[in-house]
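End of the sequence shown = 294 in the working numbering, gap-free, step of one.
All C-beta atoms, glycine included, are put in the ideal place defined by N, C-alpha and C.
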Amino acid sequence: MEVDPGGGKKTMIVKKMVAFSNREKERILQEIELYKKLEKNDFVIDLIAHIVDEINHFLLFKRYSLNFSEYLESLKNEENVDELKHLKYFSGIVSAIEELHSFEYAHLDIKPANIMKTENEIKMIDFGSATKMPIEIKTSSDHHKHREDAEELCSMMYRAPELFNCEIGSTLTTAVDVWALGICLYEFMYLENPFNKIYEQGGSIALATQSPHMIKWNTGERQIREETIELIKSVLIVNPAQRPSASEFKSSVDTLIETWNQKGTDSVDTKLEISEDNSREITDEEFDLAMRQN
């Protein structure tokens, strides 16, 4: 829902959620709390205001006209993407996830559609699936519960191998997000998910994630640098314990960006500038007026 509270403010987005159970209410309140924790991160969308009653929950955000999935789709007629520019975008997203992990939460639904973009801004959104980590899978009940949670909260094409199984005796960690980041980086470069063809042919994504070595690289029209391929491969590892942390991954991304900058591989300045956010918190009266106008 879009609203314009007036007073010269830009149009905003209202995210309305209804909590029919205590668990749903707790998850919504947790999402609000995470936005507060992350409010100083330049790469996380700002929660402008929220109003909560016993059932209805309204979260107000600045309106962004384009998500990253739509942006990537708009590039498909181009021969190749600007790798350096996209790496700089990607570094911002990893920065957001790195800070989220510092609070011991996994986002669980990292994907281009949950990244908003303008010319000068890139923001991670939708922390409604975020889950406290680590999670130990001790019993059959744990196994079924967390596998069902993964199916509900985590988009299948970005789901880490361990989330398909949730094996008894295993421990889920923030490494699930690092896998999703690797899939996103592949999309940032190739403009498609590495498992698209398997999905279109009716194959099993769960099985495909167990064999990331089968992912195709530079086989089509689009070609990317070997350094970028190795960067993606470094996180698409089946064993979560062998994946780098978000902090380690960001360090690798930034090192590659710095190396390319020093070599002068980019012909134009692709530095991502973050615009100053001029949003302000609105009052309950302004919110009520905005709602009546719709």
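Between L172 and H146 the beta-carbon gap is near 7 Å, inside 8 Å, which marks them as a contact. Excluding residues up to 5 positions away in sequence, L34, A130, T131, K132, M133 lie with their Cβ nearer than 7 Å to the Cβ of Y105 in the same chain. Of the candidates F127, T174, T139, the residue whose Cα lies closest to the Cα of L153 is F127. Collapsing the DSSP output to three states places Y105 in a strand. Counting every other CB atom within 10 Å of its CB across the protein chains shown gives I55 a total below 16, marking it as exposed. In this structure, the CA atom of L60 is about 20 Å from the CA atom of L100. Boundaries cannot be given for F127, as no beta strand (DSSP E) includes it and DSSP labels it neither H nor E.
When the alpha-carbon of I237 is set against those of M214, H57, D149, the nearest one is in M214. In this structure F195 does not touch A206 by the C-beta definition: roughly 10 Å separates them, more than the 8 Å allowed. The DSSP assignment places 83-102 as complete runs of the alpha helix (DSSP H) inside the segment 74-121, in order along the chain (cut-off: 4 residues).
Taking all protein chains shown into account, A241 has fewer than 16 neighbouring C-beta atoms within 10 Å of its C-beta and is therefore exposed. K15: not part of any alpha helix (DSSP H); member of the beta strand (DSSP E) spanning 12-18, first to last residue. Note on geometry: alpha-carbon atoms of I137 and E167 lie some 7 Å from one another. With at least 16 other beta carbons inside 10 angstroms of its own, G92 counts as buried. When beta bridges are read from the DSSP output, K62 appears opposite M12. A direct Cα-Cα distance of roughly 22 Å separates I135 from K111. As a beta-bridge residue in DSSP terms, A49 pairs with L60. Listed in chain order, the alpha helix (DSSP H) runs fully inside the segment 236-263 are 246-263, counting runs of at least 4 residues.
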